[in-house]
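These protein sequence lines map, in sequence, to chains W and B.
One gets the working numbering by counting positions in the first sequence from 1 and adding 46 to each.
One gets the working numbering by counting positions in the second sequence from 1 and adding 8 to each.
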Amino acid sequence: MKVRSLKQALHWLFLVVGLFSIVAMAFSVNTYLNYAREGYGLDISVTDAWLNNGKLVLRLRVENPGGLDIYLGGSGIVGNLTLAETYHISLQELKIRAGNTTTVIISTEISAGEFDSILLTGQTDMVLNLKVTVPERDLTTGIRVEEKNLEMRA
Amino acid sequence: MRKEPEGDPVKEIGEFWNRQEEQVYDFDFARYNSGPWFAVKTGLSICMISLVYLIYGLHELPWSLYGSATGIIILVMTPFFAGMILGYTFENPKLALAYSLVIGFISIGISFFLMLLPNMLELAEYGPGFMKNVWFYGFFLPFLVTMSFVSAGTMLSASTNVYS
């Protein structure tokens, strides 16, 4: 097609930009709704787990792909860990900068019975719930990390 | 030595204007201002403008426009561009201005609504600081941009349609 005038070219450019913006709009809305739904985009995975003196220790890899600084933990009880029983978790407030990845270590005292059974099987199922705060947005939300058959380091 | 102009200068000016008119009328008005095109222009304008307002107001997205000079340029140029394309449709500048401002305000409403969506759906608990943020970045700034840049774009293009 021959472009006959600047106005015509601008109209076709508008069409391209407009179609691109429809896709970008759908993608953006979907992404930030997912952010709000859980953990504000934080991506937590368990990289290592071991038992030590009646405690279960988890090493977590926490990635913050979004554009805001996110805080994990705080004062008091900031979440819970569910194995066969449920335990409260305290974690000092930790800042995960926008676009950064951090390692977080959580250590929780667990009951003697459960300690022995995990020691015996060498693995466990776990669900970890943690409080997430975003000061810049003045909001609080939670994040849930679920692991099946988590291998314990000897 | 200054070169003397050849031929009749008055006639040349007349020819120049004829060429200008041809260039202006080379644009197919009937086609680009037909019903379907007008509907597409309106829809895409609303989508484009509300998208830039939204991603300027939302700081959490990695592709947020907030906090960079490029972001501000995109924030003001996109509504300007959308307003310009809308303005080509009108021969009456007043009508063009009114229409583009209505489109701008509809876009502000849509982006404002989308920013509040996680709060309305109760996906996360937002404090009062959140609303303060939304009013400033989601309403006040888009309002200024709409008033200045959408209308500027519209008037620029609508003025090219006024000949008499």
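Each residue gets a CB set at the ideal place from its N, CA and C atoms; glycine is no exception.
Predicted model, so just to flag it, every value in this text is computed and none were measured.
**Short CB-CB distance (under 7 angstroms) between S108/B and chain W** = no
**Asked** For Q138/W, which option in A158/W, L102/W and L176/W has the closest C-alpha, if you only look at C-alpha atoms?
**Response** L176/W
**Message:** For a contact defined as C-beta to C-beta under 9 angstroms, what are the partners of L52/B on chain W?
**Reply:** F60, L61, V63, G64, L65, S67 and I68
**Message:** Beta carbons nearer than 9 angstroms to chain W: which residues of the region 154-165 of chain B have them?
**Reply:** S165
**Request:** Assess, as a yes-or-no matter, whether the region 59-69 of chain B is touched by the region 36-43 of chain B under the definition of 3 or more beta carbon pairs within less than 8 angstroms.
**Result:** no
**Prompt:** Is DSSP giving M198/W helix, strand or coil here?
**Reply:** coil
**Asked** What are the start and end residues of each continuous alpha helix (DSSP H) run of 4 or more residues lying completely inside the region 83-152 of chain B, in chain order?
**Response** 101-128 and 136-141
**Prompt:** For R183/W, is the classification buried or exposed, using 16 other Cβ atoms within 10 angstroms of its Cβ as the cut-off for buried?
**Reply:** buried
**Asked** Does the pairing of the region 159-166 of chain W with the region 114-127 of chain W give three or more beta-carbon distances under 8 angstroms?
**Response** no
**Request:** Compute the distance between the beta-carbons of T118/W and A144/W, then report whether it is under 7 angstroms.
**Result:** Checking the sequence shown, residue 118/W turns out to be Leu, not Thr. Contact: no.
**Request:** Taking only beta-carbon positions, decide if S172/B is within less than 7 angstroms of chain W.
**Result:** Legend: pLDDT at S172/B = 46, less than 50; position of this residue unreliable, value from coordinates given subsequently. By this cut-off, S172/B is not an interface position.
**Message:** Between E84/W, I156/W, V62/W and V108/W, which has its C-alpha nearest T93/W's C-alpha?
**Reply:** V108/W
**Message:** For a cutoff of 7 angstroms on Cβ pairs, would you count G43/B as touching chain W?
**Reply:** no
**Request:** Could you work out which residues of chain B lie near D184/W, taking near to mean beta carbons separated by less than 9 angstroms?
**Result:** Y134, G135, P136, G137, F138, M139, K140 and N141
**Asked** What number of angstroms, rounded off, separates the C-alpha of A154/B from the C-alpha of G112/B?
**Response** The sequence given here has Thr at residue 154/B, not Ala. Rounded to whole angstroms, T154/B to G112/B spans 6 angstroms at the Cα level.
**Prompt:** Which residue or residues does DSSP assign as beta-bridge partners of E155/W?
**Reply:** K101/W
**Message:** Could you check whether L104/W and A95/W sit closer than 7 angstroms to each other, using their CB atoms as the reference points?
**Reply:** yes
**Asked** What residues from chain W crowd round E68/B, counting only those whose CB sits closer than 8 angstroms?
**Response** Y78, Y81, Y86, G87, G112, G113, L114, V180 and R183
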